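Colleague:
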Amino acid sequence: MENNKTKSGISRQQFLQRTAMAGAAALLSNLEGFALTTADKKLRVAVIGCGSVSNRYLPQLQSSKLIEVVSLCDIKPERAEAQNKQYNVGAKTYPHIDAMLKGVPFDMMVTLTDMQIHGELNKKALLAGKHVWSEKPMANTYAEGKALLDLAKSKKLRLWGAPAVVNSPQFAFMSKTIQEGKLGKIAAAHGQYGHTGPTWSAFFYEKLGGSMPDLGVYNMATLTGLLGPARSVVAMLSIVKPERTVDDKGKIKVEAEDNAHILLEHDKGVISHVMCGFNYFDPHGHEAGNQTLHSIQIYGDAGNMRLIGYDWETNGVILDTHWDKPAELVSTDKGGYEWQEGARVTGESIITGIEPKINVEHALHVLEIIEAARKSQATGMRIKLKSKFPFPVVK
Ligand SMILES: NC(=O)c1ccc[n+]([C@@H]2O[C@H](COP(=O)([O-])OP(=O)(O)OC[C@H]3O[C@@H](n4cnc5c(N)ncnc54)[C@H](O)[C@@H]3O)[C@@H](O)[C@H]2O)c1
68 MENNKTKSGI
78 SRQQFLQRTA
88 MAGAAALLSN
98 LEGFALTTAD
108 KKLRVAVIGC
118 GSVSNRYLPQ
128 LQSSKLIEVV
138 SLCDIKPERA
148 EAQNKQYNVG
158 AKTYPHIDAM
168 LKGVPFDMMV
178 TLTDMQIHGE
188 LNKKALLAGK
198 HVWSEKPMAN
208 TYAEGKALLD
218 LAKSKKLRLW
228 GAPAVVNSPQ
238 FAFMSKTIQE
248 GKLGKIAAAH
258 GQYGHTGPTW
268 SAFFYEKLGG
278 SMPDLGVYNM
288 ATLTGLLGPA
298 RSVVAMLSIV
308 KPERTVDDKG
318 KIKVEAEDNA
328 HILLEHDKGV
338 ISHVMCGFNY
348 FDPHGHEAGN
358 QTLHSIQIYG
368 DAGNMRLIGY
378 DWETNGVILD
388 THWDKPAELV
398 STDKGGYEWQ
408 EGARVTGESI
418 ITGIEPKINV
428 EHALHVLEII
438 EAARKSQATG
448 MRIKLKSKFP
458 FPVVK
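If you're matching positions, the sequence shown starts at 68 in the numbering used here and goes up one per residue.
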């Protein structure tokens, strides 16, 4: 993999930058006669944070012919070593990002650490010339996230943030149904996601953690992705359980909200609502196999639809558009979509030059919503938003 010059004479880094910035067609004409070997084409990925979610990411990344995981890093180094062995990755392992950045060369960092440190790690990677896929949130504040995007652009690098909900066929179906006017004039929508809270790590409950960046983030991405950017936010947040016991720190004080209701104002009078928390008894939800449980509802004056399962693990859509006929279950094919595919899909896009649906400005908009909800709770005020993203997501 240390083949730094391609047959067309541009460096590997330049190739990856050019493919990341160009569309597939432009890429082909730019790189006429550009014959890459399979090894040349692989994107070298470094994963930082080898905890719970890495169990989902590693097999997903390994399933790609265009990706090779070359480095694993965790401040608990035994975790990086254990994952290397468990998934037979064959990567080099590191106890710190600085050592990893100086170690085996790679093209893209996949950030899977505690939420609060994402922004700092993502910045280090971008400064070192790496593309970045980050678990949510990509930074602690909108300003920090926007600065990361500006940095990425200035260095001709790509930056993306979870979640990948816009990739599901059910999201595409719902978006198309709205755009075709099948629900009439859209008025209101609701999204919800909760469980009884992670038991393994304290960061979920520490400052700048909470149920919004961990759970509500999916609904916020889905609802804004379907209805358009939010213009303003009003929220009520609370802490229902002030103390918790978690594996890594024992008994802790809960500092971030574990119960959140967020109202979003979209264009044309549309209002949506997100409800999320770490105190929801929902024993069947995670299995998402029950065809009757829905997590997203959209209402217009000529129809409504309900997303079955979760917006990150979709099972179908119940569409109700007739006074005289029962609602029907439609769009039940997942088409291979998996919620943990974001890093793979965006990583592959760097190689193929085909722009993915996941858009960094959308992730930044959701980050601004989370920050605004905290501000609304603190001040009792309605908070205006400034960010937008390319809409509609599905054309
Ligand atoms: N667990 C899930 O099912 C899940 C699902 C979707 C998204 N996520 C998101 O993934 C992220 C990680 O969640 P998790 O559940 O895997 O947490 P986790 O606590 O299991 O894992 C985080 C890992 O990051 C490591 N780490 C912390 N700071 C580090 C640093 N500076 N450098 C290197 N390593 C560092 C920790 O030692 C730990 O091993 C969060 O943003 C979470 O919201 C988790």
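No residue lacks a Cβ here, since even glycine has one placed at the ideal position from N, Cα and C. Computed from a predicted model, the values in this text were never measured in an experiment.
Can you look up G116 in the DSSP assignment and give me helix, strand or coil?
Modeller: In the sequence shown, counting from the first residue as 1, residue 116 sits at position 49. Residue state, collapsed to three classes: coil.
Colleague: Would you say the beta carbon of K249 comes nearer than 7 Å to a heavy atom of ligand 1?
Modeller: Here residue 249 corresponds to residue number 182 of the sequence shown, with the count starting at 1. Result no, Cβ not under 7 Å from ligand 1.
Colleague: The alpha helix (DSSP H) spanning I184 covers which residue range?
Modeller: Taking the first residue of the sequence shown as 1, we reach residue 184 at position 117. Segment: none, I184 is in no alpha helix (DSSP H) and carries neither H nor E.
Colleague: Which residues in the same chain have their Cβ closer than 6 Å to the Cβ of Q364, if we skip the five residues on either side of it in sequence?
Modeller: Counting from 1 along the sequence shown, the entry for residue 364 is found at position 297. Once the five neighbours on either side are set aside, the close Cβ partners of Q364 are H257, R373.
Colleague: Measure the C-alpha to C-alpha separation of F270 and M205 and round it to an integer number of angstroms.
Modeller: If you number the sequence shown from 1, residue 270 lands on position 203. If you number the sequence shown from 1, residue 205 lands on position 138. Roughly 15 Å separates the two Cα atoms.
Colleague: To which residues of the same chain is I253 closer than 7 Å at the C-beta, ignoring the five residues directly before and after it?
Modeller: Residue numbering aside, residue 253 sits at position 186 when the sequence shown is read from its first letter. Hits under 7 Å: I245, L294, V337, I365, G367.
Colleague: L452 to L168, Cα distance in whole Å?
Modeller: Here residue 452 is taken as the residue at index 385 of the sequence shown, counted from 1. Here residue 168 is taken as the residue at index 101 of the sequence shown, counted from 1. Taking the straight line joining both Cα atoms gives about 36 Å.
Colleague: Return the CA-CA distance between K424 and V461, expressed in angstroms with no decimal places.
Modeller: Mapped onto the sequence shown, residue 424 falls at position 357. Mapped onto the sequence shown, residue 461 falls at position 394. In a straight line, the C-alpha of K424 is about 7 Å away from that of V461.
Colleague: If you follow the beta strand (DSSP E) that L226 is in, where does it begin and where does it stop?
Modeller: The residue labelled residue 226 in the question sits at position 159 within the sequence shown. Element bounds for L226: 226–228.
Colleague: What is the rounded straight-line gap between the Cα of Q237 and the Cα of T381?
Modeller: Mapped onto the sequence shown, residue 237 falls at position 170. Mapped onto the sequence shown, residue 381 falls at position 314. Each residue's alpha carbon lies about 7 Å from the other.
Colleague: I think D181 touches Y285, with their Cβ atoms under 8 Å apart; what is that distance to the nearest whole Å?
Modeller: Sequence index remark: in the sequence shown, residue 181 carries index 114 (1-based). Sequence index remark: in the sequence shown, residue 285 carries index 218 (1-based). Contact doesn't hold; Cβ gap of about 19 Å is too wide.
Colleague: Let's test the definition: count the other Cβ atoms within 10 Å of the Cβ of P22 and tell me whether it reaches 16, buried, or not, exposed.
Modeller: Lying outside 68 to 462, the shown extent of the chain, residue 22 is not represented and no answer is given.
Colleague: How about S398 and G376: do their beta carbons lie closer than 8 Å?
Modeller: Translated into positions along the sequence shown, residue 398 becomes position 331. Translated into positions along the sequence shown, residue 376 becomes position 309. No. Outside cutoff.
Colleague: Go ahead and pull the three-state DSSP assignment for H361.
Modeller: For this step, residue 361 is matched to residue 294 along the sequence shown. Reduced to three states, the DSSP call for H361 is strand.
Colleague: Taking 8 Å as the cut-off, does the region 405–412 touch the region 205–223 (at least 3 CB pairs, one atom from each stretch)?
Modeller: Too few Cβ pairs lie closer than 8 Å, so no.
Colleague: Comparing alpha-carbon positions, which option in G292, Y260, T266 lies nearest S278?
Modeller: Locating residue 278 in the sequence shown gives position 211, where the first residue counts as 1. The candidate whose alpha carbon is nearest that of S278 is Y260.
Colleague: With V341 as the anchor, note down where its beta strand (DSSP E) starts and where it stops.
Modeller: Counting from one through the sequence shown, the residue named residue 341 turns up at place 274. 338–344 is the extent of the beta strand (DSSP E) around V341.
Colleague: For K108, which of helix, strand or coil comes out of DSSP?
Modeller: If you number the sequence shown from 1, residue 108 lands on position 41. Here K108 sits in helix by DSSP.
Colleague: From L194 to T388, what does the alpha carbon distance come to, in whole angstroms?
Modeller: Position 127 of the sequence shown, counting from 1, holds the residue named residue 194. Position 321 of the sequence shown, counting from 1, holds the residue named residue 388. So the alpha carbons of these two residues sit roughly 51 Å apart.
Colleague: Is it buried or exposed, P459, if we count other Cβ atoms within 10 angstroms and call 16 or more buried?
Modeller: In the sequence shown, counting from the first residue as 1, residue 459 sits at position 392. So P459 counts as exposed.
Colleague: List the whole-angstrom C-beta distance separating V427 from W267, where the pair is believed to meet the contact cut-off of C-beta under 8 Å.
Modeller: For this step, residue 427 is matched to residue 360 along the sequence shown. For this step, residue 267 is matched to residue 200 along the sequence shown. With a Cβ gap of about 28 Å, V427 and W267 do not count as contacting.
Colleague: Starting from T160, trace the beta strand (DSSP E) in both directions and tell me its first and last residue.
Modeller: Locating residue 160 in the sequence shown gives position 93, counting from the first residue. Taken as a continuous stretch (DSSP letters only), the beta strand (DSSP E) holding T160 covers 159–161.
Colleague: With DSSP run on the structure shown, which of helix, strand or coil describes R373?
Modeller: Looking up residue 373 in the sequence shown gives position 306. Strand, per DSSP.
Colleague: Report yes or no: do the region 413–420 and the region 294–304 share at least 3 C-beta pairs separated by less than 8 Å?
Modeller: The region 413–420, when compared against the region 294–304, does not touch it at the 8 Å Cβ threshold.
Colleague: DSSP three-state label for K451, please.
Modeller: Numbered from its first residue, the sequence shown carries residue 451 at position 384. K451 falls in the strand class under three-state DSSP.
Colleague: Using three-state DSSP, classify G409 as helix, strand or coil.
Modeller: Numbered from 1 along the sequence shown, position 342 holds the residue referred to as residue 409. Looking at G409 - three-state DSSP - the assignment turns out to be helix.
Colleague: Please state the DSSP three-state secondary structure of K320.
Modeller: Residue mapping note: residue 320 aligns to position 253 of the sequence shown, counting from 1. Three-state result, K320: strand.
Colleague: Use the C-beta contact count for E247: other C-beta atoms within 10 angstroms, 16 or more gives buried, fewer gives exposed.
Modeller: As a first step, residue 247 is located in the sequence shown; it is residue number 180 there, counting from the start. Exposed, by the Cβ-count rule.
Colleague: How long is the line joining the alpha carbons of P393 and I385, rounded to whole angstroms?
Modeller: Within the sequence shown, numbered from 1, the residue matching residue 393 stands at position 326. Within the sequence shown, numbered from 1, the residue matching residue 385 stands at position 318. So the two alpha carbons sit approximately 10 Å from each other.
Colleague: Is W227 near ligand 1, in the sense that its beta carbon is under 7 Å from a heavy atom of that ligand?
Modeller: What you label residue 227 is simply residue 160 of the sequence shown in a count that begins at 1. False, no ligand heavy atom lies under 7 Å from that Cβ.
Colleague: For G317, is the beta carbon positioned less than 7 Å from some heavy atom of ligand 1?
Modeller: As a working note, residue 317 is residue 250 in the sequence shown. No, the beta carbon of G317 sits no closer than 7 Å to any heavy atom of ligand 1.
Colleague: Leaving aside the five residues before and after Q444 along the sequence, list all residues of the same chain whose C-beta is less than 7 Å from its C-beta, in chain order.
Modeller: Mapped onto the sequence shown, residue 444 falls at position 377. Answer for Q444: A302, M303, L304, listed in chain order.
Colleague: For V313, list the residues DSSP reports as bridge partners.
Modeller: As a first step, residue 313 is located in the sequence shown; it is residue number 246 there, counting from the start. Looking at the DSSP assignment, V313 forms a beta bridge with G317.
Colleague: May I have the straight-line CA-CA distance separating S138 from A327, to the nearest angstrom?
Modeller: One-based indexing of the sequence shown puts residue 138 at position 71. One-based indexing of the sequence shown puts residue 327 at position 260. When rounded, the distance between both Cα atoms is 37 Å.
Colleague: Exposed or buried, H163, counting other C-beta atoms within 10 Å across all chains shown (16 or more means buried)?
Modeller: Here the question's residue 163 lines up with position 96 in the sequence shown. Counting Cβ neighbours within 10 Å, H163 comes out exposed, since fewer than 16 surround it.
Colleague: Consult DSSP for M205 and reduce its assignment to one of helix, strand or coil.
Modeller: Along the sequence shown, one-based indexing puts residue 205 at 138. Looking at M205 - three-state DSSP - the assignment turns out to be coil, as it is neither helix nor strand.
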